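*Asks:* Pasting in a structure now, in structure tokens, and then I'll have a few things to ask.
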Amino acid sequence: MDINLGFDDIEGYETRSRYFGAVIGRVANRTAGGKFTLDGKEYSLAVNNGPNALHGGLKGFDKVVWKSSVTDDKLVLTYVSADGEEGFPGEVTTTVTYQLTNDNKLIIDYTATTTKATPVNLTNHSYFNLAGQGSANVFDHVSDSKCKQLYTSR
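In structure tokens, the structure reads:
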């Protein structure tokens, strides 16, 4: 069953960015005007969405090569974003851990450590169709009421 929207080959990901399945960062969503102020200093970011910085800029976390490893039953991805990358202050070391449990739950954990004060807002950009391939009716999707509770409590 195909429950995640994406391309059938690597070329699709390289040539038609839709952020399918991507880790988004340093900052998910748009930074208005490609600027922010932190501790009294204004920072200018790489803009890629009109006047705004979208999903980390021209080369956000979705366009970099992550180190990967498998530990126990988890896929662990690590990326170190340099101080000044895309205009953001501070070095950021990010770890994303994916785990599929025996009871069919997907757990994604994010950890980020920084060397300076900096905005960090990470997310996963998957498009799920939990009813499987071909269903266009959202009411056919499967949900877990604990998911909303867990998400809002973190």
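Per numbering that gives the first Met the number 0, the very first residue in the sequence shown carries number 0; after that it's consecutive. Positions of the beta carbon are idealized from the N, C-alpha and C atoms, including for glycine. All values reported here derive from a predicted model rather than from experimental measurement.
#1: Ordered along the chain, which non-local residues of its own chain (more than five positions away) have a Cβ less than 6 Å from that of residue 67?
#2: By how many angstroms is the C-alpha of residue 65 removed from the C-alpha of residue 100?
#3: Buried or exposed: residue 35, going by 16 or more other Cβ atoms within 10 Å of its Cβ?
#4: Under 6 Å Cβ to Cβ from residue 114, same chain only, skipping five residues before and after it: list those, please.
#5: From which residue to which residue does the alpha helix (DSSP H) around residue 12 run?
#6: Measuring only the C-alpha atoms, how far is residue 108 from residue 95?
#7: If the criterion is Cβ atoms closer than 8 Å, does the pair residue 51 and residue 31 meet it?
#8: Using only CA atoms, which one of 71, 126, 38 and 83 lies nearest to residue 164?
#9: Which parts of the segment 53-100 are runs of the alpha helix (DSSP H), unbroken and 4 residues or longer, counting only runs that do not cross its ends?
*Replies:* The short version:
#1: 76
#2: 23 Å
#3: buried
#4: 89 and 90
#5: 9-14
#6: 6 Å
#7: yes
#8: The requested residue 164 does not occur in the structure, where the chain is confined to residues 0 to 153.
#9: none
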